[in-house]
Each structure stands twice: as structure tokens, then as C-alpha cells.
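The next block holds one structure in the form of C-alpha cells; read it before the comments.
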Amino acid sequence: MADSTLDSELFVLYDRWPGKVVSRWAPQYAAGFINATDHNVATATRKMGEKRLVYNNSETAGVSGWSTFIYLKGLPTGAANPTCAAKQFVTPNNASVWYQVTNDPDQCLDVTGSAFAAVLLSVMSFADTTTAYYGYFWCGGVCPEAYVSDLGGNYATTNDVIVGPIVISDLASADAIGLSAVGADTEVIIGFASEADA
Amino acid sequence: MATDKSIDSLNLILFDNWPGIALDEFIPPGGFLGVTHHNVSSPGYDLGTKTLVWEDADNSAAGVDGWATFIYLKGLGDTEANPTCAARQVVTCTNAPSSTIPLYQVTNDKAQALQVNACSLAAYMLSVMTFTHAVTKYGWFWCGGIAPVGHVNAMGGAGNDYYCTGNVACGPVVASALSRDSIGLDAVGGDTEGRFGYSLAADA
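If you read the protein sequences in the order shown, they are chains F and R.
Okay, so the first sequence: first residue is 759 according to this note's numbering, each after it adds one.
Okay, so the second sequence: first residue is 43 according to this note's numbering, each after it adds one.
The following block contains the structure:
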């Protein structure tokens, strides 16, 4: 089945990640969450799993509501991963290191129905097994387009999303992880779609 | 019933389904096993008090960086003697709550639990505790996030695995009766089951 898309304003994410949420706190840099000090850096500047809850104002972009960001480690395990880009989903790939993630559906611990899903905010530089990069990811609430403009727009789906709960899934026609309808009770719901994919 | 298996502490993340928000990095005096508040006959904190703490891998050879949630509960069997308590046993609610029985009253006895398989209100014991069906003891339990090995050594490390039914794959897990006389983990078996956590690996 060919993949489809769902607009950024038409779904919310449920935050399943363990971690501490700091409310109404955004990085005090002009670039915000994608600042060069904290994001896409080879040395972590934040605790793994630290989360930031912010209010996304529709007067700036997207829909109004609360969004959660999380600080994670990007690192492939066995092979080069697909080129990273904003709006791609990541999920854990190391059973002993819960916060280590990849955007590669072939290297995930559990690609379809994983409880732990987050979205890349930007291009990131983790690409092979030798160098980790750390940064912020979107993991809960409405799409934080007002904070990261590249998160607005279409998200890849498996072309079966209807109004209702959603899970992450291996996309059919792209080497990436996207959104899907729930397929089994062993899959963990990580969000809710308010419209069918296009 | 299949032989029990186990998973390593690094592979398990719990979903905190208990009501209430957690305190911000509060650590009780003497740590979570402090003798003035853990395994004690009178509660040291309000039942259901939770605290979210940072687990630093540098504090434990067996742990990993991350966040863990502890909850303060009441251990008390219902009508008969319960199995001997030990660290890494699952506890679940004993009864429907009432004016005399708190929601937070738990047991490690699969025969006395309100719902043993897939009860979403569950937690892990941190140590030997001395509650029975006749003796109440209050204390801290692990209920969310990663295994807090740096705070309580018995929660991880060599030989300190978590018992499962032998069905667990990478994915969500539920509380379940084990072959041995205790409660552990199982794979999800239906859409009516409350998820207790998530396993990053299959049991072995």
C-alpha cells in the first residue's frame, strides 16, 4: 500500500517516555529548541529524558495547545541510518539504553506499536555507529510549529489512518517510520488523529 | 503453566498508572529504604505520595541514566498469609477501596489480589517487607520509569532480573501470576488488560 500523509494540525502525541517535565520553559536562544548549544551536539548538555512543556500559540503557527519536547540520544546500532530530517519519527534501538533512538525502521527494537516515539525537529548528524548526537525531539501534545517551523506540514502515514488512536509503523514506500492505525492490542497507542490521512 | 523466565532491569520501563503527580526529585531521609519510613507500622507519608527522581548511571554499575518514580503504599494481605516478600516482586491492589480500605493497599499474593492479571495499578517491592495478612507495613515501591538501581541496589544488577511468564517479547507488558508463588510480568493478552510497562527485550 502506498504511503499517505496527515497534516501536523490533525494529530496529537501521547507522551509515554519516562522523564521529568519542566513546564513553560523553552531554551533562551534565538533558535529555541534547535539551538546549536543543546541540539544536534556530540556531547549531551541536558539529562536524558528531560522534558519541556510549552504552549504552542496558533497566532504564531499551528493549533493552540500544549506540546512536550524530550532530550534524547541519536545513534544507529548496526548500519548507516536513513538521512535524518524534520518530521521523521524515531524510537529506541538499544534494549539496554532506553533513550538511544534511531529513525531507521530496520534498526528499531520494535518499529510498529512501540510505546516510545518522538519526532525529529531538524536534520541531525547521527548517521553511523561511531558518533552519537544529542538533541530535542517532539514527544507529546500538539505539533509545536510555533517553536519549530519545520514541524509544520505533512507527516507520513501508512495510508490507513482514520479518526482515532494511532501508532508508529514502518512505512511501505519510504525508508522511515511514520503513523498508522492501531493493528493489534500488543501495539501501544502513541497519539490520536482527528482526521483520516489524505 | 510455562516455566517462568526473566528480563534484565535495563530492559524494563514502567508506566505509572497511579493517581497523583510526583514530587520533584524528593529523596526521603536515608534513601528509599530509610528505616523511619520504609517497612514501618505507621505511615511516614500520605499514601499515594510519589516522587520522580533522576537515576544516575554513575551511581551504579548496573544502572542507566534516566528517571524513575516511587510511590508510598500500604502492604497488607487480605484474609490469609501471603508469600514471603522480596525485592522485585510485583504488588497490586487487594480490595476495592472503601472508607476503611485505601486504594493504596497492596499485596504480593496472587491469590489475594483484586485483579492479578493485567491490573494496571501495580508496583514493585524494593526490599523484603514484613507485612502479612495480619500485620500492616508502609513503604516505598517502584511504579514508573526505569529501574532505580542507583537508589536501591536490589532493583538491578547481576542476578537481579525480573520474573516473567515466558511470553514477554519486546512490547507492552502487564502484571501476571507466575508459576512461582508471586506476581510478575506477561505479554499483553487482550484489549481489556491494563499495561503496567514496556519491555525493551524478550524474556529469557
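Where a beta carbon is used, it is the ideal one built from N, C-alpha and C, also for glycine.
R:Leu156 sits close to R:Thr136, with the two beta carbons spaced by under 8 Å. When the beta-carbon positions are compared, F:Ser907 and F:Val919 stay at least 8 Å from each other. Think of a sphere of 9 Å around the beta carbon of R:Leu75: no beta carbon from chain F falls inside it, the nearest being about 21 Å out.
Per the Cβ contact rule, the region 127–145 of chain R is not in contact with the region 91–98 of chain R (fewer than 3 Cβ pairs under 8 Å). Annotated three-state conformation of F:Ser927 is strand, per DSSP.
The C-beta separation of F:Lys845 from F:Leu878 comes to about 7 Å, placing the pair in contact by the 8 Å criterion. For the region 211–228 of chain R, residues whose beta-carbon sits nearer than 7 Å to a beta-carbon of chain F comprise Cys212, Gly213, Pro214.
Our two residues, F:Asn917 and R:Pro61, have alpha carbons roughly 36 Å apart in a direct line.
For F:Pro923, same chain residues with a beta-carbon under 6 Å away, outside a window of 5 residues either side, are Val940, Ile947, Phe950 in chain order. Separation of the CB atoms of F:Ala885 and F:Asn839 is rounded to 6 Å, and the pair is thereby assigned contact status at 8 Å. Using a Cβ distance threshold of 8 Å, R:Thr174 and R:Asn209 do not count as a contacting pair. Taking each of R:Asp50, R:Asp46, R:Ala217 in turn and checking the Cα distance to R:Gly201, the smallest one comes out for R:Asp50.
DSSP, read as helix, strand or coil, puts R:Ala165 in strand.
The Cβ of R:Asn124 sits no closer than 8 Å to any Cβ of chain F. Within the DSSP bridge table, the entry for R:Val132 names R:Tyr166 as partners.
Below the 9 Å Cβ cutoff, chain R contributes no neighbours of F:Tyr892, its closest Cβ being approximately 12 Å away. F:Ala794 and F:Ala890 have their C-alpha atoms some 15 Å from each other. In summary, the residues of the region 97–109 of chain R whose CB is separated from some CB of chain F by less than 7 Å are Val106, Asp107, Gly108, Trp109, in the order they occur in the chain.
As for any beta strand (DSSP E) of minimum length 3 sitting wholly inside the region 68–137 of chain R, the runs are 92–97, 108–117, 132–135, ordered along the chain.
Within the region 760–789 of chain F, the residues whose Cβ lies closer than 8 Å to some Cβ of chain R are Arg774, Pro776, Gly777, Lys778, listed in chain order. Shown here, R:Ile143 sits in coil according to DSSP, grouped into three states, outside any helix or strand. By a beta-carbon distance limit of 8 Å, F:Val881 contacts F:Ala843. Their separation comes to about 6 Å. The three-state secondary structure of F:Asn917, taken from DSSP, is coil. Close to chain R, meaning a Cβ-Cβ distance shorter than 7 Å, are the following residues of the region 844–868 of chain F: Pro850, Ala853, Ser854, Val855, Trp856, Tyr857, Leu867, Asp868. The beta-carbon distance between F:Asp761 and F:Ala930, rounded to whole angstroms, is 6 Å. This is short enough to meet the 8 Å contact definition. Counting only residues of its own chain and dropping the five nearest sequence neighbours on each side, F:Thr826 has a CB closer than 6 Å to the CB of Asp773, Lys809, Leu811, Cys897, Gly898, Gly899. Contact check for R:Val191 against R:Gly105 passes: the beta carbons are separated by less than 8 Å. Shortest Cα-Cα distance from F:Ser872 to any of F:Glu767, F:Ile935, F:Thr818, F:Trp824 involves F:Ile935.
Note on geometry: alpha-carbon atoms of F:Ala784 and F:Ala904 lie some 12 Å from one another. Counting the other Cβ atoms within 10 Å of the Cβ of F:Thr801 gives fewer than 16, which makes it exposed. Across the structure, R:Ala229 and F:Thr944 are spaced so that their CA atoms are roughly 8 Å apart. Chain-order list of chain R residues neighbouring F:Val946: Gly213, Pro214, Arg237, Tyr240, by C-beta distance under 8 Å. Interface flag for F:Asp908 against chain R is unset, since no Cβ pair is found closer than 8 Å.
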